[in-house]
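A.B. asks: Below you'll find the structure I mean.
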Amino acid sequence: MGFRRSRVQISPPRFLPECSTSVSLSFSGVGTMGSRSGVATVAFLSLLSWPGPASAQEPPGSLAIVGATIIDGHGGAPIADGTIVIEGDRIAAVGPRASVAVPEGAEVIDGSGKFLTPGFVDTNVHMSLAFGRGPRVEEHAAYWAQHEALILQGLQLHLKHGVTTVRDSYGVLRPMQRVKKKIDSGEEIGPRTYLAGNIVGWGGPASETFAGFPESGISFFAERMNDEVTLGSGEEMMHMTPDELRVAINAYLDHGPDFIKYGATHHFNYPAGISFSPRAQRVIVEEAHRRGLVAETHATSLEGLRLSILAGIDLIQHPDNVGNRTITDELVDMIVERGIVCSMLINQFTGPSWQFHVRNMERAREDLAEARARDRQRRIPPTTAEIRRRVQDTGLPQPGSVMEGRWTTKRTNAKKLIEAGCIVTVGTDNTLFGRGGVAAGFLREEPENMEHQLPGKGTIFAIEGLVELGMTPLEAITAATKNGAIASKALDEYGTLEAGKAADIVVLDADPLADIANLRQLSMVIRGGRIVDIEALPTDPIALDWAAGPPNGSR
Numbered sequence: 008m009g010f011r012r013s014r015v016q017i018s019p020p021r022f023l024p025e026c027s028t029s030v031s032l033s034f035s036g037v038g039t040m041g042s043r044s045g046v047a048t049v050a051f052l053s054l055l056s057w058p059g060p061a062s063a064q065e066p067p068g069s070l071a072i073v074g075a076t077i078i079d080g081h082g083g084a085p086i087a088d089g090t091i092v093i094e095g096d097r098i099a100a101v102g103p104r105a106s107v108a109v110p111e112g113a114e115v116i117d118g119s120g121k122f123l124t125p126g127f128v129d130t131n132v133h134m135s136l137a138f139g140r141g142p143r144v145e146e147h148a149a150y151w152a153q154h155e156a157l158i159l160q161g162l163q164l165h166l167k168h169g170v171t172t173v174r175d176s177y178g179v180l181r182p183m184q185r186v187k188k189k190i191d192s193g194e195e196i197g198p199r200t201y202l203a204g205n206i207v208g209w210g211g212p213a214s215e216t217f218a219g220f221p222e223s224g225i226s227f228f229a230e231r232m233n234d235e236v237t238l239g240s241g242e243e244m245m246h247m248t249p250d251e252l253r254v255a256i257n258a259y260l261d262h263g264p265d266f267i268k269y270g271a272t273h274h275f276n277y278p279a280g281i282s283f284s285p286r287a288q289r290v291i292v293e294e295a296h297r298r299g300l301v302a303e304t305h306a307t308s309l310e311g312l313r314l315s316i317l318a319g320i321d322l323i324q325h326p327d328n329v330g331n332r333t334i335t336d337e338l339v340d341m342i343v344e345r346g347i348v349c350s351m352l353i354n355q356f357t358g359p360s361w362q363f364h365v366r367n368m369e370r371a372r373e374d375l376a377e378a379r380a381r382d383r384q385r386r387i388p389p390t391t392a393e394i395r396r397r398v399q400d401t402g403l404p405q406p407g408s409v410m411e412g413r414w415t416t417k418r419t420n421a422k423k424l425i426e427a428g429c430i431v432t433v434g435t436d437n438t439l440f441g442r443g444g445v446a447a448g449f450l451r452e453e454p455e456n457m458e459h460q461l462p463g464k465g466t467i468f469a470i471e472g473l474v475e476l477g478m479t480p481l482e483a484i485t486a487a488t489k490n491g492a493i494a495s496k497a498l499d500e501y502g503t504l505e506a507g508k509a510a511d512i513v514v515l516d517a518d519p520l521a522d523i524a525n526l527r528q529l530s531m532v533i534r535g536g537r538i539v540d541i542e543a544l545p546t547d548p549i550a551l552d553w554a555a556g557p558p559n560g561s562r
């Protein structure tokens, strides 16, 4: 792809240390597929090498991208030869070039050959140290002093890949709030961030409800870690009357989470104990709504999910996972009729993850055949626990178990919800921690096996995965933009490219409607009207150099 020779007048660069108020330069260049090149990126990044604090900059001025194809996020036909005008941190106008006037003195970027979408939204990430299985207590101890820096790194890796908004649906609230404050004030660069803190009703990363840890077997350090996560919203809430719960929920809300996520069941699929009665669930939802907050749930059983829907939730995290069971038509109908948002972990059963599962299916069948041969030899039928473990270990259904194949069932459920017309968003469980994360030295598996769950990368895999499951590329982009804003009841603020909304824009070198994999051909990210130097993110990398590169999974 060639760029025509151009002369551009540039105002003070955005997200970078102050420099002279105007720079005039001429250049020409040739971009290749996969490179982050173009008129604007060459102009800016040839001068500058790192993002500086936004607070050190003058407010964003006028910017116009002219001649691009604009995919506005509404789901309709793109605008060919379009122009988008940005004033400060807002979109001032968008439309065909012939109908949009460029203000005098505006910085103009030639968008010929470029494709614009709204910034992507990931509705389920985990950026803090808040996990407790296996070696993760050691992980907490090793990295706690760098906690805020690592949170910032994870958020910036999202922004690096075009994710301009994230919802962190489980984590350590207070350090995340400090990082968010730095981003919101302009001291640091990062995406718009919503925080839930603890999953209400669960006891923290080293608890029975979250990780299967009996309280008698954990250390004093782990107990303190649990308290730091729960802030009074842990397992004790399951023992409260509705009136007591109402007081406790408000005490937790006083800590300032941006939305509430509660555990309708325990964390894992088995046993999926129901955490709260119908009355208690209604109290949680009512108090969240009383403060204008979104209420969402984690439910890993069919009945647990049904109770949450009846309680009035706004969003379901990973409704594809209901305890290795196929979601019922009744539940799907209830979700559609109530307009409940479905944040699905698409990256975990499409793309590289699904290919890995398919490659292992034959080995799983062989393992099952050997197990059944042993059953015949000992002439004793397998126990219920053995059958359950076989389902979990192989991902294949077993006679004698109501649980179906693990990954196959999640994929089936996701397709069913998509085909029914649910409001689907992209969720990933992206994290820098745990398997494949910064604590890889504590682990026994290859960290590259978790690339599909790394910040930013996992989001791109998930958008691609929606197409794999049957969406058109346009529908998948709408799910990752407009629907993501709906998830936080913030569609009036961002999620589509239209006048008055936040100027969060992704600029691509190739057409994602022709091939959704062209989302990887990233040219530029604009966040709040400021051009981000994506090559310089993260600003203070601590670990995982390989995490910053483009997604490598095959398609």
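Sequential numbering of the sequence shown, starting at 8, is according to our numbering.
Every residue, glycine too, gets a C-beta built ideally from N, C-alpha and C.
The model shown is predicted, which means the values in this text are computed figures rather than measured ones.
(1) Where arginine 527 and phenylalanine 227 are concerned, what is the direct C-alpha to C-alpha distance, given to the nearest angstrom?
(2) Specify the secondary structure class of serine 119 as computed by DSSP and reduced to three states.
(3) How many angstroms separate the CA atom of glutamate 542 from the CA atom of alanine 100?
(4) Go through the region 264-291 residue by residue and report every complete run of the beta strand (DSSP E) that reaches 3 residues or more, in order.
(5) Do glycine 536 and aspartate 96 have their C-beta atoms closer together than 9 Å?
(6) List in chain order: all unbroken alpha helix (DSSP H) runs of 4+ residues lying wholly within the region 287-326.
(7) For asparagine 205, which of helix, strand or coil comes out of DSSP?
(8) Cβ atoms of aspartate 522 and histidine 133: under 9 Å apart, would you say?
(9) Below 8 Å on the Cβ atoms is my guess for threonine 432 versus asparagine 490; work out the distance and round it to an integer in Å.
(10) Kindly indicate the opening and closing residues of the beta strand (DSSP E) around isoleucine 538.
(11) Count the other C-beta atoms from every protein chain shown that fall within 10 angstroms of the C-beta of lysine 508, then say buried if there are 16 or more, exposed otherwise.
(12) Are histidine 81 and threonine 485 close, meaning C-beta to C-beta below 9 Å?
(13) With 16 other CB atoms within 10 Å as the buried threshold, where does alanine 61 fall?
(14) Could you spell out the range, first to last residue, of the beta strand (DSSP E) harbouring threonine 171?
(15) Which whole-angstrom value describes the C-beta separation of glutamine 163 and isoleucine 196, a residue pair presumed to lie in contact below a C-beta threshold of 8 Å?
(16) What does DSSP give as the partner residue(s) for aspartate 129 in the beta ladder?
(17) Taking all protein chains shown into account, do 16 or more other C-beta atoms lie within 10 angstroms of the C-beta of phenylalanine 220, making it buried, or fewer, making it exposed?
(18) Does the separation of the CB atoms of aspartate 169 and leucine 529 fall below 9 Å?
(19) Rank Pro545, Asn525, Val513 by C-alpha distance to the C-alpha of isoleucine 538 and give the top, closest one.
(20) My guess is that lysine 268 and threonine 304 are in contact by the Cβ rule of under 8 Å, so how many angstroms apart are they, rounded?
(21) Pull up the distance between the alpha-carbon of valine 329 and that of alanine 279, whole angstroms please.
(22) Hey, how far is the Cα of glutamate 94 from the Cα of proline 67?
(23) Going by beta carbon distance, what residues of the same chain come within less than 8 Å of isoleucine 549, once the five residues before and after it are set aside?
(24) Measuring CB atoms only, is the region 193-211 touching the region 257-272, in the sense that at least three cross pairs come out at less than 8 Å?
(25) Considering just the uninterrupted stretch of the beta strand (DSSP E) at methionine 531, what are its terminal residues?
(26) Given 8 Å as the limit, is there contact between the region 421-432 and the region 114-122, that is, 3 or more CB pairs closer than that?
(27) DSSP state of proline 212, grouped into three classes?
(28) The beta strand (DSSP E) that contains aspartate 374, what's its start and end?
(29) From the DSSP secondary-structure annotation, give me the bridge partner or partners of methionine 351.
(30) Out of Arg413, Glu215, Glu294, Ala271, which one is the CA nearest neighbour of arginine 253?
(31) Beta strand (DSSP E) containing proline 110: first to last residue?
(32) With respect to the alpha helix (DSSP H) encompassing leucine 481, which residues constitute its N-terminal and C-terminal limits?
(33) Under a three-way DSSP split, which group does threonine 48 fall into?
(34) How would you label valine 348, buried or exposed, when you count the other beta carbons within 10 angstroms and need 16 or more for buried?
(35) Compute the Euclidean distance between the alpha carbons of arginine 379 and valine 365, then round it to the nearest angstrom.
C.D. replies: According to the structure shown:
(1) 45 Å
(2) coil
(3) 28 Å
(4) 267-270
(5) yes
(6) 309-318
(7) coil
(8) no
(9) 5 Å
(10) 537-539
(11) buried
(12) Between histidine 81 and threonine 485, the CB-CB gap stays under 9 Å.
(13) Because alanine 61 sits at a pLDDT of 46, beneath the cut-off of 50, its placement in the model cannot be relied upon, and the point is left open.
(14) 170-175
(15) 6 Å
(16) Aspartate 129 is bridged to Val173.
(17) Buried is the call here.
(18) It should be noted that the sequence gives glycine, not aspartate, for residue 169. Result yes, Cβ atoms of glycine 169 and leucine 529 sit closer than 9 Å.
(19) Val513
(20) By a beta-carbon distance limit of 8 Å, lysine 268 contacts threonine 304. Their separation comes to about 7 Å.
(21) About 9 Å.
(22) Distance between the alpha carbons of glutamate 94 and proline 67: 7 Å.
(23) Cβ contact annotation for isoleucine 549 (same chain, cutoff 8 Å, sequence separation greater than five): Gln153, Ala156, Leu157, Gln160, Val445, in chain order.
(24) The region 193-211, when compared against the region 257-272, does touch it at the 8 Å Cβ threshold.
(25) Unbroken beta strand (DSSP E) run through methionine 531: 529-534.
(26) no
(27) Reduced to three states, the DSSP call for proline 212 is coil.
(28) That residue, aspartate 374, is in no beta strand (DSSP E); its alpha helix (DSSP H) goes 358-385.
(29) Val433
(30) Glu294
(31) Run containing proline 110: none; DSSP gives neither H nor E here.
(32) 480-487
(33) Bear in mind that a pLDDT of 37 at threonine 48, under 50, signals an unreliable position, so the number given afterwards is only what the model happens to contain. Helix.
(34) With 16 or more Cβ atoms within 10 Å of its Cβ, valine 348 is classed as buried.
(35) In a straight line, the C-alpha of arginine 379 is about 22 Å away from that of valine 365.
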